[in-house]
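According to this note's numbering, the sequence shown is numbered sequentially starting from 228. Cβ atoms here follow ideal geometry from the backbone N, Cα and C, with glycine treated the same way.
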Amino acid sequence: MHVRRRLTVAVATTALTLAGALVGAAPAGATADREPDAALTTDVRTPTPPVLSGATTARTRAGLPTSRRAARPLFAFWGQKYNRIDGFPYQTGVRGSGTSIQLGVAWKTYRGVRPILPRKVFVQARIDGGSWAKVSGARGRIGKRGYVLAQVPAHVVPAGVAAQTVDYRLKTKKITSGPRKARRSVTSKPVSVRFENQAMYTGDQARFYAPIANLCPNASVTLDTDHTIAEKREAVFSFQYGIAIDVEEINAVTDESEASKLAVAIHECAHWRQFYNWGGTLKGYRAMEKRSGEIFVADANPNGPTPPNASDWAPLEHAADCATFLVTSGAERTYGGYCNPTENAAAGLLWQGQRY
Ligand SMILES: [Zn+2]
């Protein structure tokens, strides 16, 4: 009895040491919490979850077979700060009703040792702090690169409700064979998404949603009242907050038509399409950005004057501008340039929900 207790303490101490090592080994997470108008800085570095090496080292030192001395490591999730929404290192976000998200949770591994993997990983959700419930039709896929990814079905906010906050997490199916300690189910820390019911928008949210209601019905409009999302721009498509509008910046221009002001929302809606038509993930976004460079070029109008390109002109910005010109007139806040027929045809696909 006495011996057993001492053994228990020894194991607990080892666990504590390991836990301490985990914290120390944690890498700095990527911090790209917005896109400057969906442009340019797409260098969102992927946070790589730490790789544990302790088990391998211990086993080597012991010089005994794995099965005898060091059990294969158990499957577990890393902490909340490695959780991702749509491939981005965010644990919170704002989305419009009817939007799907991709949940990413880092899982732990040991270098050189094949862990005991759960056979299934489920997605759970809770609405406004309620009870956790399994999300049907969603399944986590355990990736080799340290992340479990799950595409979560779209959440629709009920009629008459302005917004709901939905937390999502992963839960593993209980392992039923192997070492006794492996026979367990683990749950991840959650991400939290605020879904807004566009039909309940009032004021400036309704004002800027109206022109995009048919083009991007599932988009959300966030008012950037403290200039922290769009910063120096009048609007931005933010991967974390969706379409963000700095109303003060837009209203500041008095000699501009309301149609031109609203065209800003349409331009951001085109970015929303660029994101969601390509799957709504960072991976798809990068593919879209590359594809944009193949189609959208800085050419001049062969038949007349061409507005000069802005210093931050980029193919995907030009695509958003061309898409905007197709559905509005008098858009004044643009990146300049000329939309040739090929570009117009490609930009038009955005409004069809298709990729160019
Ligand atoms: Zn833009």
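Residues bridged to I354 [DSSP beta-bridge criterion]: V393
Rounded to a whole number of angstroms, what is the C-alpha to C-alpha distance between G507 and R407? 40 Å
Applying the criterion that 16 or more other CB atoms from any shown protein chain within 10 Å of the CB defines a buried residue, is C566 buried or exposed? Its Cβ being crowded by 16 or more others within 10 Å, C566 is buried.
Report whether the distance from the Cβ of A558 to the nearest heavy atom of ligand 1 is below 7 Å. Result no, Cβ not under 7 Å from ligand 1.
Bridge-paired residues (DSSP) for L376: G331 and R368
If I477 sits next to A409, beta carbons under 8 Å apart, how far is it from one beta carbon to the other, in whole angstroms? Incorrect: roughly 57 Å between the Cβ atoms, too far for contact.
Rounded separation between R261 and S404 - CA only: Reliability fails at R261, whose pLDDT of 38 lies under 50, so the model's placement of it is uncertain and the value that follows must be treated cautiously. Going by the C-alpha atoms only, they are around 44 Å apart.
Looking at the structure shown, is T569 part of a helix, part of a strand, or coil, going by DSSP? helix
Of the residues F464, A457, H454 and G430, which one's Cα is nearest the Cα of C443? F464
Which word fits R341, buried or exposed, when buried means at least 16 other C-beta atoms lie within 10 angstroms of its C-beta? Of the other Cβ atoms in all chains shown, fewer than 16 fall within 10 Å of the Cβ of R341; this residue is therefore exposed.
So the beta strand (DSSP E) E423 belongs to, where does it begin and stop? V418 to E423
Under 7 Å Cβ to Cβ from R295, same chain only, skipping five residues before and after it: list those, please. The pLDDT assigned to R295 is 43, lower than 50, so where the model puts this residue is not dependable; a value taken from the coordinates is nonetheless given after this. Answer for R295: no residue qualifies.
Could you spell out where the beta strand (DSSP E) holding F464 opens and where it closes? Residue range A462 to S465 is occupied by the beta strand (DSSP E) that includes F464.
How about F422 and Q378: do their beta carbons lie closer than 8 Å? no
Regarding E570 and ligand 3, is the C-beta to nearest heavy atom distance less than 7 Å? This structure does not include ligand 3; its bound ligands are ligand 1.
Out of A360, T449, V524 and G531, which one is the CA nearest neighbour of N571? V524
Cutting at 7 Å between CB atoms, please list the residues of its own chain near C584, excluding the five before and the five after it. With the chain represented from 228 up to 583, any question about residue 584 goes unanswered, as that position is not in the structure.
Is H498 a contact residue of ligand 1, with contact defined as CB to any heavy atom under 7 Å? yes
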